[in-house]
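Q: Each position in the sequence shown, counted from 1, maps to that position plus 113 in our numbering.
Even for Gly, the Cβ is constructed at its ideal location relative to N, Cα and C.
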Amino acid sequence: MTDGSTRRTMLTTGTAALAATCMGCGNKGSSSSSSTETPTASEAATASESATAGSSASGPASSATGTVLAQTSEIPEGGGMIFKEEKVVVTQPKAGEFKAFSAICTHMGCTVSQVAGGTIDCPCHGSKFDITDGAVAHGPATKPLPPKSITVSGNSITLT
Numbered sequence: 114m115t116d117g118s119t120r121r122t123m124l125t126t127g128t129a130a131l132a133a134t135c136m137g138c139g140n141k142g143s144s145s146s147s148s149t150e151t152p153t154a155s156e157a158a159t160a161s162e163s164a165t166a167g168s169s170a171s172g173p174a175s176s177a178t179g180t181v182l183a184q185t186s187e188i189p190e191g192g193g194m195i196f197k198e199e200k201v202v203v204t205q206p207k208a209g210e211f212k213a214f215s216a217i218c219t220h221m222g223c224t225v226s227q228v229a230g231g232t233i234d235c236p237c238h239g240s241k242f243d244i245t246d247g248a249v250a251h252g253p254a255t256k257p258l259p260p261k262s263i264t265v266s267g268n269s270i271t272l273t
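#1: Looking at the strands, I want to know which residues DSSP matches up with THR232.
#2: What are the boundary residues of the beta strand (DSSP E) that includes HIS251?
#3: Could you have a look at ILE190 and say whether DSSP puts it in helix, strand or coil?
#4: Mind checking ALA213: buried by the 16 CB within 10 Å criterion, or exposed?
#5: Considering ALA213, what are the terminal residues of the beta strand (DSSP E) in which it resides?
#6: For a quick check, are the C-beta atoms of ALA216 and ILE233 less than 9 Å apart?
#7: Check for me: the beta strand (DSSP E) holding ALA183 runs from which residue to which?
#8: Taking THR219 as the reference, which of THR255, PRO260 and VAL181 has the closest Cα?
#9: To the nearest angstrom, report how far apart THR245 and PHE211 are at their CA atoms.
#10: Assuming THR204 and GLY222 form a contact by the criterion Cβ under 8 Å, report the distance between their Cβ atoms to the nearest whole angstrom.
#11: Apply the 10 Å Cβ neighbour rule to GLY252 and answer buried if 16 or more other Cβ atoms are within range, or exposed otherwise.
#12: Please report how far the alpha carbon of THR239 lies from the alpha carbon of VAL249, in whole angstroms.
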């Protein structure tokens, strides 16, 4: 039967090719390192820290405790400021009170575009959120903006 011998030939040839390919897979004792090896968790963390260490030159300053977003004087009373790169909006509902929320609208995932008239506004479908607590002031969004953690130290506002 030609079909049977063709299948048998293909299976035998395929198995032999697979075995030959896998022969190099088990070199645990080798001292050379392959570029396809998966890094350990600590190696990945070190690489990530190295990659982000130099990236703050063009954006807000980074520190061991978080990212400095702005000075308190930059956030208008009764308004706020959007930090698109960090996906956060910082508001100052009343003098000296600072709040932070996600800048991603809970309706469809657009980034909010402005803080005006006591609300954080999304340009996509018109959702508005209250600057004091992130609650929905006008739909179609039904969920509030999630709060973000910030600290105010002196005049600096830091995302933590």
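A: Based on what the coordinates show:
#1: Per DSSP, the beta bridge partners of THR232 are ALA229 and ASP243.
#2: Segment 249-251, the beta strand (DSSP E) holding HIS251.
#3: Per the sequence shown, residue 190 should be read as Glu rather than Ile. GLU190 falls in the coil class under three-state DSSP.
#4: Buried: at least 16 other Cβ atoms inside 10 Å.
#5: Membership of ALA213 in the beta strand (DSSP E) is indicated by the continuous run 210-215.
#6: Taking 9 Å as the Cβ cut-off, ALA216 and ILE233 qualify as a contacting pair.
#7: Judged by DSSP secondary structure, ALA183 falls within the beta strand (DSSP E) whose first and last residues are 179-184.
#8: Of THR255, PRO260 and VAL181, the smallest CA-CA separation from THR219 is found for THR255.
#9: Going from the Cα of THR245 to the Cα of PHE211 covers about 9 Å.
#10: Not really, about 20 Å apart at Cβ, beyond 8 Å.
#11: The C-beta of GLY252 has fewer than 16 other C-beta atoms within 10 Å across all chains shown, which makes the residue exposed.
#12: It should be noted that the sequence gives Gly, not Thr, for residue 239. Our two residues, GLY239 and VAL249, have alpha carbons roughly 11 Å apart in a direct line.
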